[in-house]
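Enquirer: Here it is, the structure, as C-alpha cells.
Number of protein chains: 2
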Amino acid sequence: MPQAEFSIIEKYFAGIGSSQWPPELPSGDDAAILEIPEGKQAVMSVDTLIAGVHFPLETSPADIAHKSLAVNLSDLAAMGASPAWFLLSLTIPDTNESWLDSFSASLRKIAEQYRIELVGGDTCHGPLSITIQVTGLVDKDKYITRSSANPGDLILVSGQIGNAALGLAHLQNRIQLEEKLIVPCLEAVNRPTPRLCLTDFLRNFANAAIDLSDGLVGDLKHILDKSKVGASISQDALPVNEWIVDNDAYEYALSGGDDYELCLTISPGYKDQIMLWNQKNPDCQLHLIGQITESGFYLHTENETIDLSNTKGYQHFGK
Amino acid sequence: MPQAEFSIIEKYFAGIGSSQWPPELPSGDDAAILEIPEGKQAVMSVDTLIAGVHFPLETSPADIAHKSLAVNLSDLAAMGASPAWFLLSLTIPDTNESWLDSFSASLRKIAEQYRIELVGGDTCHGPLSITIQVTGLVDKDKYITRSSANPGDLILVSGQIGNAALGLAHLQNRIQLEEKLIVPCLEAVNRPTPRLCLTDFLRNFANAAIDLSDGLVGDLKHILDKSKVGASISQDALPVNEWIVDNDAYEYALSGGDDYELCLTISPGYKDQIMLWNQKNPDCQLHLIGQITESGFYLHTENETIDLSNTKGYQHFGK
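Read top to bottom, the protein sequences are chains A and B. Take the position in the first sequence, starting the count at 1, then add 4; the result is the number in my numbering. Take the position in the second sequence, starting the count at 1, then add 4; the result is the number in my numbering.
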C-alpha cells in the first residue's frame, strides 16, 4: 500500500473493535490470519454502500460508518451467527481529516458494541463508497437459512417496518412527517439496528430467516422461493407507525426496504415463545404477521386479498 | 437484494470457480457458510479496484475481472496461503449485458485456474468499481509474514519488475516502447500473474514475504520496518527488461508498482535452492537482488550508493 494509505490506516483504523475470537494476526500484513475454533463454521457476507445510492450525499460520516457496518451485521443476524471480524475497503474522494475522525470514531463505537474486530482492508481515492466484509461464527450446522420454512410456520417480523422508507421520503421532501416521527424515521435510515439481539431466539426456534433490506414482500418472497412454500400475511398485523396507518400507506412497510429488521418463521408449536420473548425484550419485539402455506403469496387487507405471488403483484408496491 | 440484482447474480455469477474446499452453503442466502478444515487457519484480504484509478477507463471488462481477482490472489500468495473462496462486490454504472458477459467469463476463467470459488457478494449501480475479498487457507501457524526477515537473509524477487509501470506509461503516451516489449508490458498492467506458483517454495524456505503492489522500495521497506532490519540491494541485479537497462530507467522497477511479483527473504543456507527452483520452474523464476542487514536501506548502483532509508530517498523514486 502507498505510504499515504498506510498512514490513514495507522492513524484512524488501528485497533477498531474487539472480537470474542482475537485474530491470530490482524491487519498490517498482506492479509489477516484467523483461527476458527473447533466446532464452528465461518459465515461470510459483503456489502457495499455508495454515496447517493445507499445513503443521501449529505449523510454525516458518523452515520455512514454506522450504517456500513450495521447492514453487514444484519446479514450475520439473519443467519444466526455471532460477529467475529471485518475487513474494510474505504474509497474517499480526498483525505479529509475531520471526516475521517468522525467516520472512524463511529465505526469504532458500533464495532465495540457488537464485538466485531477490524482485521484488515484498504483505502483509496475515488467516489465515496464503503465496502465491508464480515465474518461471523456459528456452531457447526446451526446456521439459519432462507430455505427451511415449513407450511404452518408462523411468520414473524422484528421491530417496526417502513420507518426507513418514510425517513427517506421525508428527507427528499416527498412527505411531511409530524415532529415526533422524524427522529425514529431518520434513525431508521441512518442508524439501522442489526438485530443481533435475536440470535438466541433464532438459534432456538427459527426455521428460516432473512433480513429486510429490500422490503418485506421481496425479501419474504426469497424465503418462499428457496423453501418452495407460500405465505399469507395480514396488513393489519404489520408493525408500522401511526402515519402509515392514518395514511393507508402500507407500501412503505411492504416494499420500502432498508429496515434491516428480521423476518423469520417458527413452528406454530413455539407460539407461546413469542410472548415470553416480548415480555423479556422490550427493545427487540417480535410481531406475528402471518403464516407459511403450501403455495401462493397473499396479503389480506380489510377489504381485499392481494395476490403477491407474481412480479406484477409485487411491482404494485415497487419503489 | 432487489430483483434486478438477483437476476444479474443468477445469470452471470452462478457457479464461478471451484474450491478444494467446497462451501457448506454458497451464495444465495444472506451469507455463505464455510467450513475450515481442522488444522487450517483462514487468511483474509480485501482489495478494491476503481475505474480510472487502478485501471485505465478504457480497460476491457475481461482484463478488469482478471486483475480484480489476481491482485487479491497475490495477497494470498505472499502469505503462503492456498486460495479457497471469494466474495465479489461489483458496482457498475448500468446493466450492460455484453460487458457483464465478458467480465463474468474472464472471472470464471481465472477462478477456475487458481481453484477459488465465488461464494457470495452483491452488485449495485454507481461508478465502476470492483471489490473482492478472498479467503485462503494455511496449515496452522505456517503462514508467511512481513515481520520475520533476519539479518543475513537473501532477498529474492520473482519474475520481472517494472513492466506494469512501463506498460502504463506506454498507454499514457509518456514513453514509446518497441514492438516486442508492448505485449509483455501491457500484459503486466492488465493481466498480472498472482505468484501462487511460489507457495511451496515460500512454505519451505521463506522467512518473510510481501507482494509488490506499490513498488519494490516501498514494499521491501514494509518488510524492513516490520522485521526491524535493514537491506542492501543491487541495481544491476534487479530483474528488468532491456528498455529499463538501456534507458537507465530503474525507477520503473524500484517504485513503479502494480507488478504483483513477490519479494521474499530466505536464509543464506538455502542459496542452492534458488538454482534448483529455477531449473524446475522456467515460468516462475527467482532472482537474488540483495541481502537483509542489521539496519539501513541502501541501493548500490554502478557509480554510487543511494540511501533509501528515509522518505526523501524513497520519494526520489516517487510516482
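Glycine residues also receive a C-beta, built at the ideal position from the N, C-alpha and C atoms.
Report the three-state DSSP secondary structure of lysine 323 of chain B (helix, strand or coil).
Expert: With a pLDDT of 35 at lysine 323 of chain B, under the threshold of 50, the modelled position of this residue cannot be trusted, and the question is left open.
Enquirer: Should the segment 51-67 of chain A be called in touch with the segment 162-169 of chain B, which here means at least 3 C-beta pairs below 8 Å?
Expert: The segment 51-67 of chain A, when compared against the segment 162-169 of chain B, does not touch it at the 8 Å Cβ threshold.
Enquirer: Taking 7 Å as the threshold (C-beta atoms), are serine 259 of chain B and valine 221 of chain B in contact?
Expert: Yes, the Cβ-Cβ distance between valine 221 of chain B and serine 259 of chain B is below 7 Å.
Enquirer: Which stretch, first to last residue, makes up the beta strand (DSSP E) that contains aspartate 98 of chain A?
Expert: Run containing aspartate 98 of chain A: none; DSSP gives neither H nor E here.
Enquirer: On the CB-based measure, 16 or more other CB atoms within 10 Å of its CB, does asparagine 314 of chain A come out buried or exposed?
Expert: Looking at its Cβ environment, which holds fewer than 16 other Cβ atoms inside 10 Å, asparagine 314 of chain A is exposed.
Enquirer: Roughly how far, in whole angstroms, is the beta-carbon of valine 123 of chain B from the beta-carbon of alanine 36 of chain B, given that I think they are within contact range, below 8 Å?
Expert: Going by Cβ atoms, the distance from valine 123 of chain B to alanine 36 of chain B rounds to 4 Å, so yes, they are a contact pair.
Enquirer: Mind listing the chain A neighbours of threonine 326 of chain B? Cutoff is C-beta to C-beta under 7 Å, in chain order.
Expert: In this structure chain B extends from 5 to 323, so residue 326 of chain B is not present and cannot be described.
Enquirer: Do alanine 74 of chain A and serine 110 of chain A have their CB atoms nearer than 7 Å?
Expert: Their beta carbons are not under 7 Å apart, which means alanine 74 of chain A does not touch serine 110 of chain A by this criterion.
Enquirer: Could you have a look at tyrosine 254 of chain A and say whether DSSP puts it in helix, strand or coil?
Expert: Coil.
Enquirer: How is the beta strand (DSSP E) around isoleucine 278 of chain B delimited, first residue to last?
Expert: Run containing isoleucine 278 of chain B: none in the beta strand (DSSP E); it sits in the alpha helix (DSSP H), 275-284.
Enquirer: Going by C-alpha distance, which of B:Ala213, B:Asn154, B:Trp103, B:Ile159 is nearest isoleucine 278 of chain B?
Expert: Checking every option, the nearest Cα to that of isoleucine 278 of chain B belongs to B:Ile159.
Enquirer: Please tell me whether isoleucine 270 of chain A has its Cβ less than 7 Å away from any Cβ of chain B.
Expert: Answer no: the Cβ-Cβ gap between isoleucine 270 of chain A and chain B never drops below 7 Å.
Enquirer: Check alanine 46 of chain A in the structure and name its three-state DSSP category.
Expert: Reduced to three states, the DSSP call for alanine 46 of chain A is strand.
Enquirer: Residues in its own chain within less than 7 Å of leucine 29 of chain B by CB, not counting five upstream and five downstream?
Expert: Ala36, Ile37, listed in sequence order.
Enquirer: Counting beta carbon pairs with one atom in the segment 245-258 of chain B and one in the segment 206-226 of chain B, are three or more of them shorter than 8 Å?
Expert: Yes, the segment 206-226 of chain B touches the segment 245-258 of chain B.
Enquirer: DSSP three-state call for tyrosine 264 of chain B: helix, strand or coil?
Expert: Reduced to three states, the DSSP call for tyrosine 264 of chain B is coil.
Enquirer: Under a Cβ-count criterion, where at least 16 other Cβ atoms within 10 Å of its own Cβ denotes burial, should aspartate 263 of chain A be classed as buried or exposed?
Expert: Buried: at least 16 other Cβ atoms inside 10 Å.
Enquirer: What is the residue span of the beta strand (DSSP E) that cysteine 128 of chain B lies within?
Expert: Note, cysteine 128 of chain B: beta strand (DSSP E), 121-129.
Enquirer: Identify each residue in the segment 21-39 of chain A for which the Cβ-Cβ distance to at least one residue of chain B is less than 7 Å, and report them in chain order.
Expert: For the segment 21-39 of chain A, which is checked against every Cβ of chain B, the residues closer than 7 Å are Glu28, Leu29, Asp33, Asp34, Ala35, Ala36, Ile37, Leu38, Glu39.
Enquirer: Which partner residues of valine 161 of chain A appear in the DSSP bridge assignment?
Expert: Valine 161 of chain A pairs with A:Cys267, A:His291.
Enquirer: If I'm right that valine 50 of chain A touches leucine 91 of chain B with Cβ under 8 Å, what's the distance once you round it to whole angstroms?
Expert: Going by Cβ atoms, the distance from valine 50 of chain A to leucine 91 of chain B rounds to 4 Å, so yes, they are a contact pair.
Enquirer: Can you check whether the C-beta of proline 131 of chain B is within less than 7 Å of a C-beta belonging to chain A?
Expert: Output row for proline 131 of chain B: interface = yes.
Enquirer: Can you name the start and end residues of the alpha helix (DSSP H) that isoleucine 37 of chain A belongs to?
Expert: Element bounds for isoleucine 37 of chain A: not the alpha helix (DSSP H) but the beta strand (DSSP E), 36-38.
Enquirer: Would you say glycine 294 of chain A and serine 238 of chain A are within 7 Å of each other, going by their C-beta atoms?
Expert: Against a cut-off of 7 Å, the Cβ pair of serine 238 of chain A and glycine 294 of chain A comes out as a contact.
Enquirer: Taking one C-beta from the segment 140-151 of chain B and one from the segment 93-100 of chain B each time, how about it: are there three or more such pairs within less than 8 Å?
Expert: Cβ pair count under 8 Å is below three, so no.
Enquirer: Report buried or exposed for arginine 178 of chain B, applying the criterion of at least 16 other Cβ atoms within 10 angstroms of its Cβ.
Expert: Flag for arginine 178 of chain B reads exposed.
Enquirer: Whole angstroms is fine: what's the gap from glutamate 306 of chain B's alpha carbon to aspartate 252 of chain B's?
Expert: C-alpha separation (whole angstroms): 11 Å.
Enquirer: Would you mind telling me which residues of chain A sit closer than 7 Å to aspartate 79 of chain B, beta carbon to beta carbon, in chain order?
Expert: Chain A residues near aspartate 79 of chain B: Asp34, Ala35.
Enquirer: According to DSSP, which residues form a beta bridge with glycine 57 of chain B?
Expert: Here residue 57 of chain B turns out to be valine, not glycine, going by the sequence shown. Looking at the DSSP assignment, valine 57 of chain B forms no beta bridge with any residue, so it has no partner.
Enquirer: Should glutamine 137 of chain A be flagged as near chain B, meaning a C-beta pair shorter than 7 Å?
Expert: By this cut-off, glutamine 137 of chain A is an interface position.
Enquirer: Please state the DSSP three-state secondary structure of asparagine 154 of chain B.
Expert: Asparagine 154 of chain B: coil per DSSP, three-state reduction.
Enquirer: Going straight from the alpha carbon of arginine 195 of chain B to that of alanine 153 of chain A, what length do you get?
Expert: Distance between the alpha carbons of arginine 195 of chain B and alanine 153 of chain A: 45 Å.
Enquirer: Report the three-state DSSP secondary structure of glycine 32 of chain B (helix, strand or coil).
Expert: Correct three-state label for glycine 32 of chain B: coil.
Enquirer: Return the chain-ordered list of same chain residues with a C-beta closer than 6 Å to the C-beta of tyrosine 16 of chain A, the five sequence neighbours on each side being excluded.
Expert: Correct list, in chain order: Leu104, Ser108.
Enquirer: Does the CB of valine 193 of chain B have a neighbour CB from chain A at under 7 Å?
Expert: Chain A contact via Cβ: absent.
Enquirer: Taking only the alpha-carbon atoms, compute the straight-line gap between glycine 21 of chain A and aspartate 126 of chain A and give it to the nearest angstrom.
Expert: Approximately 17 Å between the Cα atoms of the pair.
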